[in-house]
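Under this note's numbering, residues 75 to 244 are what the sequence shown spells out, in order. By construction, the Cβ of each residue, glycine as well, lies at the ideal position given by its N, Cα and C atoms. What you are looking at is a predicted structure, and each value in this text was computed from that prediction instead of being measured. Here's the structure we're looking at; comments come further down.
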Amino acid sequence: MATAHRSTIEMIDALRTVLAKVERPLTTQELLELASRLNIPASQWREHLTFDPHQFSHRTIYESPYFEINVIGWRSGQFSSVHDHRGTACCVLVLDGVLTNIDYQRDAANELRETSRFDLRPGEMLSRNDWEIHRCGNEQPCGVDLATLHLYSPPLRPLEERQHHGYLIA
Ligand SMILES: [Fe+2]
C-alpha cells in the first residue's frame, strides 16, 4: 500500500476512496496501519449499525475484490462462532462497548482449547489471520450493546468453510 498518505480518516466515504485505490489484498500489518488511521465519529457509523435479537447483525459498507468492510452490532450475550481466517487478514476496531475475544488452539487430540481471553474497548484493535482460531462478542450485561468495525482483506470466505466445530458453548 502506498505510504504517502498517512492522514486520519474521519469519513466512511474517505475510507472507501482510500480502499478503491488499492489493487491488491493488504497484509495484516498493512490492514492494522490502515485501521489505526480511522477516527470515524459515531454520527458516521451509527447509520450503518443494525441489531438482531437472535444473532449479531452485520452491514457491509464497502466491498471489492480485495476488501470487505462491515459494521457489526452485538446485543449482550451475542458471540461469533469459533472460526479461523485462512487466506484473509482481519482487523476489528471497537467503536462502542466492550469486545471480548477468546483464542483457541487445537491440542494433540485435536480438541479445541481456550488459550487466551481478553476485552477490548473503543479505539482498540484486534487482528487475526490465517489459521488463528477465535471467537468474539459481547459479554457485557443485558442492555449494554457493542458496535465494531471489521476490515477483511481479501473478503472473507464463507463461514461454513472456516467454522471450527467440536467446541460446546456453555
Ligand atoms: Fe474472526
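Query: For the beta strand (DSSP E) that contains residue 190, what are its first and last residues?; Result: 186-194
Query: Thinking C-beta only, is residue 211 closer than 8 Å to residue 152?; Result: yes
Query: Count the other C-beta atoms from every protein chain shown that fall within 10 angstroms of the C-beta of residue 224, then say buried if there are 16 or more, exposed otherwise.; Result: buried
Query: Sort out for me which residues DSSP pairs residue 20 with in a bridge.; Result: This structure cannot settle anything about residue 20, because the visible part of the chain is limited to 75 through 244.
Query: Does DSSP put residue 142 in a helix, a strand or coil?; Result: strand
Query: Please list the terminal residues of the continuous alpha helix (DSSP H) segment that includes residue 105.; Result: 102-110
Query: Under a three-way DSSP split, which group does residue 92 fall into?; Result: helix
Query: Taking the alpha-carbon positions, what's the residue 109 to residue 144 distance?; Result: 13 Å
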